[in-house]
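To start, the structure itself, in C-alpha cells.
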Ligand code: TRP
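Residue numbers (this note's numbering): 27 to 363.
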C-alpha cells in the first residue's frame, strides 16, 4: 500500500525562526519516513503582500535550503516551489467559484492583515484581493494531492476548516458518487504554541513582527543569539520559578525554549536556577541555542543554490503529471472538459 500523504508549506517572506522550526519543520522531519511528505515553499502566498522580486527569489531558495538543513531528506521528501506547479492556481479558480465571500471576510488572518471587518466596513480598502483569496489557494495546495495530513501552526486552523468545507462542498455538488477531493486531517503542534516573542512574551514568535529582537532566527550568528536572549523581556521580581502567571510569561518562555531544546522539564530547569539570577539562566540558554543551531547553519552553508534549483526541477516533473490528472477529473466533474 502506498504511504499516506502529508502536505505543508512555509512562506518565503521574512526569516525562519525557532518557532517555525520547532513548531513545524522539525515535525515534518520526524514523520518523513512514515508519510509521503510534500513540502512546499509557498511563494504565491507570499505575494499576497508586496514583496521585492529579487529578494523573494532569494528567500524562496533559502527556505528550501533550511528545509534540507533541518534534516528533510530530498530522496524521500518532495520539496518544491508553489509557482512551479500551475495546477495550484488552476484548482484555486475552481474552488473560488464555490467559496462564499462571507467565508473569506470572516477569516481572522484576513481581518488582521487588512483592517477590513466582516460586515464589509473598510478602513484600508487598498489591500489586494489575493489576501482575501489566500485561504482558497491554501485549500488548493492541500486538495490537489489527496493530502491525508496537514501539520500547521494553530493560527492556520481556521484556514484548514475552510479547506475541509470546500472539499465537502465540491464533493456534494459535483462528485456525489465518488468523492474526488479528500478531506484532510489537521495536526497542530503543541510545541509551536509555546514559542513566544522574546520582546512581547504574550504573543507568538513571528516572522512578521517588526523587531528582529523578538525572535531567534535560524541563521542568527552566535553573537546575535546571545544579544537577543540577554535582552529578552522578563519581569522585575528576579526570581526563577515556572509559573502560569501573566507576569512570568517572559521567564516561562525562556524556560520552555530551554526545555524543548535540551529535553529537560521546564520545572526542573527552574529548580536548577532557583538560587541564580535571570542573567545566569539567559547566558546558559544562549549557549544551548548557539550549539543547537550550529549543525543546521553548517548544513545550510554547504548547500548550493544549484542543488536547490535541481530539486525544484525534479519535483516539478514529479508533481505536474499528478496534478494534471487531478485537474482533469475535477474539470470533467464540473462540465469543463
Ligand atoms: N498559510 C500557511 C502559513 O502561513 C502556509 C501555507 C500555504 C500552508 N499553503 C499551505 C500550510 C498548505 C499548510 C498547507 O503558515
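Quick reminder that beta carbons are idealized off the backbone N, C-alpha and C, glycines included.
None of these values were measured; they are calculated from a predicted model.
In this structure, how does DSSP classify residue 20 when only helix, strand and coil are distinguished?
This structure cannot settle anything about residue 20, because the visible part of the chain is limited to 27 through 363.
Residue 303, DSSP secondary structure in three states
coil
Are there three or more Cβ pairs, one per stretch, closer than 8 Å when the region 347–358 is compared with the region 161–172?
yes
Boundaries (first-last residue) of the alpha helix (DSSP H) holding residue 347
331–360
Any chance the region 324–341 sits against the region 77–94, with 3 or more Cβ pairs inside 8 Å?
yes
Is residue 244 close to chain B? Criterion is C-beta to C-beta, closer than 7 Å.
Any reference to chain B falls outside this structure, which holds one protein chain only.
If you drop the 5 nearest sequence neighbours on each side, which residues of the same chain put their C-beta closer than 6 Å to that of residue 326?
91, 95
If you count every other CB in all the chains shown that lies within 10 Å of the CB of residue 24, and 16 or more means buried, which is it?
This structure leaves residue 24 out entirely; the chain is present only between 27 and 363.
Heavy atom of the ligand TRP within 6 Å of residue 109 beta-carbon
no
So, with DSSP's three-state summary, where would you put residue 107?
strand
With a threshold of 6 Å, establish whether the CB of residue 114 neighbours any heavy atom of the ligand TRP.
no
Any idea what DSSP makes of residue 295, helix, strand or coil?
helix
Over the uninterrupted alpha helix (DSSP H) stretch that includes residue 89, give me the two end residues.
79–95
On a CA-only basis, which of 37, 296, 71, 338 is nearest residue 162? Give me that one, please.
71
Following the continuous beta strand (DSSP E) through residue 76, name the residue where it begins and the one where it ends.
Residue 76 -> no beta strand (DSSP E), and no H or E assigned at all.
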